[in-house]
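Some notes on the structure that comes next.
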Amino acid sequence: MRDDLPADLAPRLAEELGLKLSEYEHVVEILGRTPTVTELYMYSLMWSEHCSYKHSRKSLRMFPTEGPAVLQGPGENAGVIGVGDGWAVAFKMESHNHPSAIEPYQGAATGVGGIIRDIFTMGARPIASLNSLRFGTLDKPRQRYLFEGAVAGIGGYGNCLGVPTVGGEVYFEEAYEGNCLINAMAIGLMREEDLMLAVAAGPGNLIVLIGSTTGRDGIGGASVLASQEFDEKAEDKRPSVQVGDPFTEKLLIEACLELLQRDLLVALGDLGAAGLTSSASEMASRGGVGLEIDVTLVPQREDAMKPFEIMVSESQERMLAVVTPEKLGEVQDICEHWGLPATVIGQVTDTGRFVIREGDEVVGDMPAATLAHDAPIYDPPAERPAYLDELQRFDPLSELDHPGGVEMLTATLFDLLASPNICSRRWIWEQYDHQVMLNTVVLPGSDAAVLRIGMPGRGEVTERAIAASSDCNGRYCYLDPYTGAQIAVAEAARNVACAGGRPAAITDCLNFGSPEKPEVFWTFTESIRGMADACRAWEVPVISGNVSFYNESFGQPIYPTPTVGLVGVLEDVAHHTTLGFKQAGDVVVLLGETGAELGGSEYLKVVHETVAGLPPRVDLDAEAALREVLLAAIGEGIVRSAHDCSEGGIAVALAESCIAGAVGADIHLGDELPPVAELFSETQGRVVVTVAEDAVERLFELAFEAAVPFAVIGTVGGEVLRIEGLVEAGVVEMSDVFEGALAGLVHPEETIATEELREG
Amino acid sequence: MARYEVYVTYKQGIFDPPGATAERALANLGYEGIQSVKIGKYIQIEADAGLETVREMCERLLANPVIEDYRIVTEGEA
Amino acid sequence: MRLGVVLFPGSNCEQDVVHAAHELGIGAEYVWHGDTDLAGFDALVLPGGFSYGDYIRCGAVARFSPVMSEVVRFAERGGPVMGICNGFQILTEAHLLPGALLRNTGLKFICHPQPLRAERSVCHWVNLPEGTVVDIPVNHNEGNYYCDAETLERLNANGQVVLRYCEPDGSRAPGGSAPNGALDDIAGICNERGNVFGLMPHPERAVDPLVGTTDGRPFFTTVMARLAEVAG
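Here's what the structure looks like:
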């Protein structure tokens, strides 16, 4: 064993690598000696927040993770649910925040690449991706640079792979100015029997590295970046950001799926954060076996790489497979067919130890399971933030002057339609291939994307479909994390139900500041509690997810942002529903009831530049009942359009349905509430649906039986959205404002050179 | 082993959108007197090959003669 | 009739083309880029995607794939070949079609429905009446067609311009209707003989009514009917 680290230097290196003294001492205790450089690097990365979830693991236990449809819950590369007829979908969401804040194009691109690998590692063909983005406001050149770069990176990578980018969300808030969020979600499709796990087994079996060569890029990249706070020194970390190669990833998808189809692999895992170290040690610990790797066998793209560099490199587009010796030839043939190197770098052993060699010399020898499982679990203190009392006490209706009269209220509606958080996202999704694979039944721009289940190119087409949506309003979570997190789940579920899908399961990406700050940690646990209560009540399990801490800049945390990615199932794709009004004469019905809830609303932000008050409350039973009525009505084929009320309230929801359908509507709302509340309240549990006149009674019956509030509020027709006594807005004018706003914000008069933007 | 540097640029008269965008952006930043900005590709080749062969590489693969010109600089000549 | 769909490393629309063909009752099979046997295929499609990652230039590497010399021979014998998007780029790189596809003038990838106008052409793949407007999605980053003035004149004179980008009513905007800056609004061209056809829009995305319009159907059925007729 090479003893290359003097005992007195070891603790200092450990500290530099981010290990706490107690953690270092634990490593020494495990090994019974001073660790080598290689070992120290490996432990420090595996025990980093990013890889070990040491601050979050305990809280995450609150989530319900089981259900009849769940085939694989959290703990693997992605969660998997059955969606009927033997088909299964794998999905997961993951953050790539810090790399993207340094280099938005590559950061976002490699974020997509990483989450896609998590999907096909499970044996599923990636069929869709979504993304959830947060930036500062677009009046700042650097924010435009980050936003444009991230969108281009997502498109550049996903388009090349031929995986459609079908949905997502984006918000622009000051709170994300120093720390943007790039959360990428991917969905894959497979037959249930093809489910593959990353569990190494069979001593004597070979460990094969497939794909790109290994370089020094991204050493400690994702894991280090994601495990510490962000500051002005972040720019220096630019060299550690990886560059994506979507072409190689495309070949990896094809090669790996073919290897799995032919049953040639014992196990398959992808190399993400902490590279070979993480992939190999997790495989070994899941299988309760040992591994031996010789780093000199790893194909390298740079000279004189040290063993630790090879073990922790985060070079992209690499996969690790376990193969029996007799199948190696066939495996290598298939990889060669796809132009990919497949190199034996070691073997599975029965020792339970993870041994790293450099040729004949042993440079690391650790109990394999300790890397993945022995990281300390912390239970940090949590404390309710003091600022909440004052924020929540704020009463928007009594403390502010509000616009009144048709003219002012109409102008306010236009302001909201032009708001960067509400306006059309067409400028974004037209840069993404959202149609390839010919399964995208509902395109981006509706409440949820709908994808047919099937592999059309192989002649396998089904009647089934899935609907997917990602949601989170960070402002609500800032004002009340418990309720805000519930709203994230509620809105995703409502969106999916509006498209005709029955919510099946969620993935999450929990973006927060430093867990070592009690006030931040309180918002974290409250958010989880909120999501968990909603998921449990609605029997929608959490099957995968990711935690991203240390999203702060200059000591200021972002809004708590627990993003939810929800997938639902449509038994019959023919019943997919979209938001646009369809036909003049159709009757507009509001399911649910509007309350005076303007706290945290887009109206307050846009008109009063205020973020305060209590967010809308969530009634778990009412939400569930609403979805059941909606799904029953859609299932009976009577619903012509459905659109949920969210940011901007019912006024914006009606306007969006008019714009999407290129038709107006005559609407009458109640007069119990002040006009701004009637129009712009963001009360949950509301959906605007249209039905033909002869179907109104049936819809009423369904709603009545389930005790869901039902109100006929108008009819579709004309070229104007008229809300009696409140709004008078031409559909063409609304459309121009709504569709043009984002491009106008991204490309204001002055073009500014990239270099200047980089300087910030 | 010889070392070549190949510069590939759009032919005269072919619209170069990245170049035009950079040109506008530089003007917006206040730089005066800019005649034109062209953005092209830079390729570095180390090979046991003569100049003629490298020229052939450019004709066949590295440049598209329909739209692009190329210029080869041999190490030490630049 | 059998359609061969050539699969290069990095192609990603090959399954979509096969699905479209099957929807229309046309037999279709994949041809690997390393294969050199095209026996039994009546027509070929080079599908969209990012062959070889579009590195160097779109289509520049794919044109040297072993299968391409056979594709050239197939075309020279009069066999119908359609290149869609990246396939169009490969056909120009292989000099089966004149001109080149440059980066979109907006410097952005574009994916959206696109009205196209059929021109009077000699193309074997399309025989829509002149001025017919079809709605077919575009999906590319380098779709800005370019050729020199002399070539353009020849294309127009010989009826080689098959499709032009246009407004929804079929007219062409004074400043051009191409979403990518293409010369003379050109969206698709064919060779002089009419058997080799390249276009940026994706007709395979406009076949299955569940996921789009059905305006792309004639782009597959016309050539098949023609082949059947010739075969008697």
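Heads up: the protein sequence lines correspond to chains A, B and C, in order.
One point on numbering: in the working numbering, the residue at position 318 of the first sequence is 318, and numbering is uninterrupted.
One point on numbering: in the working numbering, the residue at position 60 of the second sequence is 820, and numbering is uninterrupted.
One point on numbering: in the working numbering, the residue at position 231 of the third sequence is 1069, and numbering is uninterrupted.
C-beta atoms are modelled at their ideal positions from N, C-alpha and C, and glycine is treated no differently.
The alpha helix (DSSP H) that contains residue i, what's its start and end?
i       : result
F1058/C : 1056-1069
C160/A  : 141-161
C961/C  : Careful: C961/C lies outside any alpha helix (DSSP H) and carries neither H nor E.
L604/A  : 602-608
G565/A  : No alpha helix (DSSP H) holds G565/A; the beta strand (DSSP E) holding it covers 561-570.
G111/A  : 104-121
Y387/A  : 387-393
For residue i and residue j, which I take to be in contact (beta-carbon distance under 8 Å), what is that distance rounded to the nearest angstrom?
i      : j      : result
W87/A  : R464/A : 7 Å
L598/A : F700/A : Their Cβ separation, rounded to whole angstroms, is 29 Å, which puts L598/A and F700/A out of contact at 8 Å.
A7/A   : T34/A  : 5 Å
N790/B : V768/B : Checking the sequence, you will find Gly at residue 790/B rather than Asn. Contact doesn't hold; Cβ gap of about 30 Å is too wide.
R125/A : I210/A : Wrong, their Cβ atoms sit about 17 Å apart, outside the cutoff.
V489/A : A534/A : 4 Å
L939/C : E980/C : 5 Å
H871/C : V844/C : 7 Å
What are the start and end residues of the beta strand (DSSP E) that includes residue i?
i      : result
I974/C : 971-978
C535/A : Here C535/A belongs to no beta strand (DSSP E); instead the alpha helix (DSSP H) covers 518-538.
I922/C : 919-922
G211/A : 206-211
E361/A : 361-367
S641/A : 639-644
V910/C : Premise fails: V910/C lies in the alpha helix (DSSP H), 904-914, not in any beta strand (DSSP E).
D829/B : 828-834
If I measure Cβ to Cβ from residue i and keep anything under 8 Å in the same chain, skipping five residues before and after, which residues do I get?
i      : result
Q300/A : T213, T214, G215, I310
L654/A : V588, A665, I667, V688, L721, I723
R262/A : E330, I334
Please return the same chain residues whose Cβ sits closer than 7 Å to the Cβ of residue i, not counting the five positions on each side in sequence.
i       : result
L195/A  : L71, Q72, V80, A88, M122, G123
P1017/C : I948, Q952, V976, Y1003
K233/A  : Because K233/A sits at a pLDDT of 49, beneath the cut-off of 50, its placement in the model cannot be relied upon, and the following sentence gives the value as read from the coordinates. Closer than 7 Å at Cβ, skipping near neighbours: no residue.
A753/A  : Per-residue confidence for A753/A stands at a pLDDT of 43, beneath the threshold of 50, marking its modelled position as unreliable; no derived number is given.
According to DSSP, residue i sits in a beta bridge with which residue or residues?
i      : result
T349/A : G290/A
A711/A : L590/A
C509/A : N546/A, T563/A
K92/A  : A186/A
D951/C : One detail in the question is off: residue 951/C reads as Pro in this sequence, not Asp. Answer is P975/C, bridged to P951/C.
F455/A : The sequence given here places Met at residue 455/A; Phe does not occur at that position. DSSP lists E460/A as partners of M455/A.
I81/A  : V70/A, V89/A
R763/B : E806/B
Y791/B : None, per the DSSP bridge assignment.
L181/A : R134/A
Q486/A : Per DSSP, none; premise fails for Q486/A.
N982/C : L940/C
T343/A : L209/A
Y868/C : V843/C
T214/A : Q300/A
K172/A : For the sequence presented, residue 172/A should be read as Phe rather than Lys. According to DSSP, F172/A bridges with F135/A.
Under 6 Å Cβ to Cβ from residue i, same chain only, skipping five residues before and after it: list those, please.
i      : result
Q998/C : I1027, C1028
I634/A : G500, H575, T577
E593/A : P709
F475/A : Checking the sequence, you will find Arg at residue 475/A rather than Phe. Around R475/A: G600, V611.
D880/C : M839, R840, L1065
S469/A : A448, A492, N495, V496, L566
Q831/B : At residue 831/B the sequence reads Arg, which differs from the Gln that was named. So the qualifying residues of the chain are Y767.
E693/A : V587
A743/A : W427
(message) At 3 residues or longer, what runs of the beta strand (DSSP E) sit wholly inside the region 267-341 of chain A?
(response) 267-270, 290-294, 318-323
(request) Run through the region 680-738 of chain A for me and flag every whole beta strand (DSSP E) of 3 or more residues, listed as ranges in chain order. (result) 687-691, 710-716, 720-723, 727-730
(request) Would you list, in sequence order, the uninterrupted alpha helix (DSSP H) runs of no fewer than 4 residues that lie entirely inside the region 6-66 of chain A? (result) 10-16, 21-31, 37-46, 49-52, 57-60
(request) Would you mind listing the alpha helix (DSSP H) stretches within the region 990-1052 of chain C that are 4+ residues and don't spill past its ends, in chain order? (result) none
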